[in-house]
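Numbering (our numbering), first residue to last: 37 to 426. Glycine residues also receive a C-beta, built at the ideal position from the N, C-alpha and C atoms. Keep in mind that this is a model prediction, so the values were computed, not measured. As structure tokens, the structure follows; a few thoughts come after it.
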């Protein structure tokens, strides 16, 4: 049996390995399939004859093959990463992360959160999964529901009927089943948790039609007294589906990577933190689309906009940047957004203080940089950021 080799990388910290530690085939596969997540430099005179790997602003776990895995660690404290997730995916209102902040690794956190979802699914299964009436049309040997008005074919003995089927094969359940399947194939659950995940998946598998779902399918859903307990389960599903990437491993049941784009997480976190702490007279809109041109040939997505509720005026354009310095293109972009929206202030938000903070005026528009720090106490950092912003 081939032993498992796992290497660990931390965001933006280059790590070198002896040439013999990573085969050329593995190095090429990592570069081809995960070059966006890991910068791969093969052994050469520039690297001293060693492999040089650098994580590129992503954290998670890559099962490149059954024998070679890569763990991508965050540069911030794990506890703060978990708090960011709690805000970004609105898990705090469900108390889902209680006791999980003390996890010592990403795989441990993933596994324990998967166990939470599996237990909730099994608990709902014992009560009975949610069912709904869905409209159906079929030819039956008996009358059911309403008879479809249509000419009968010669010799036709079955009746075309419109009726409603009381079924558990609905999206609410199918989302759970799809997510549990992805979790079971992640390779991140130990034998302590995997049986519960598989049991929960089997409980749903026979009830629903296998259908792929995305993280966006977990939001904006309608809940009522019959399915209210699905709300926290779908919040967990959104988390898992958001970070479950396509498989690059061979085999009929390949393992799936768990990958977190830290720039995207930072944007979500800042948005949800602001949403929870803004004064009542302000409203936050995220990812607002702006169309340009008479035929809307060009579109822009603006990260964050602060509106005055009473007037509907845009007060400030906000753009999160998960980096340590400002580039001219970032400044030009946020200025363009502010000009399009007709506001008088634009702010670039960074996770660490800049060496050269920005605060200038361009044609009557104030452009500045602010910090929502990810080191230390996030709530304290958020309050300091909000005070400077307003």
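Its chain contains 98, 281 as the residues whose beta carbon lies nearer than 6 Å to that of residue 293, once the 5 sequence neighbours on both sides are disregarded; these appear in chain order. Between residue 266 and residue 338, the alpha-carbon positions lie close to 31 Å from each other. Residues of the same chain with a CB within less than 7 Å of the CB of residue 123, apart from the 5 flanking positions on each side, are 305, 308, 309 in chain order.
Under the DSSP assignment, residue 342 falls in the beta strand (DSSP E) whose first and last residues are 334-344. Residue 376 is positioned such that its CB atom lies closer than 8 Å to that of residue 326. Here the alpha carbons of residue 383 and residue 397 stand approximately 12 Å from one another.
Residue 318 and residue 130 have their C-alpha atoms spaced approximately 25 Å apart. Residue pairing by DSSP leaves residue 423 without any beta bridge partner. In the displayed model, residue 154 falls within a helix according to three-state DSSP. Nearest neighbour of residue 335 by Cα position, chosen from 242, 372, 263, 321, turns out to be 372. A contact between stretches requires three or more CB pairs, one per stretch, nearer than 8 Å, and the stretch 68-82 fails this requirement with the stretch 139-148. In the DSSP assignment, residue 60 falls within the unbroken alpha helix (DSSP H) covering 60-70.
Residue 410 sits away from residue 421, with the two beta carbons spaced by 8 Å or more.
Just measuring C-alpha positions, the residue of 105, 57, 73 sitting nearest residue 86 is 57.
The three-state reading of DSSP puts residue 405 in strand, counting E and B together. Three or more pairs of CB atoms, one per stretch, sit closer than 8 Å, so the stretch 44-52 contacts the stretch 90-110. About 6 Å separates the beta carbon of residue 151 from that of residue 232, a gap short enough to meet the 8 Å contact definition.
Just so you know, the alpha carbons of residue 303 and residue 356 end up roughly 6 Å apart. Cβ-Cβ distances below 8 Å link residue 367 to 384, 394, 403 in the same chain, with the five nearest sequence neighbours on each side left out; the list follows chain order. With distances taken between CA atoms, residue 274 lies nearest to 219 out of 349, 264, 417, 219. Residue 148 carries a helical assignment under DSSP once its states are collapsed to helix, strand and coil.
Boundaries of the alpha helix (DSSP H) around residue 311: 298-313.
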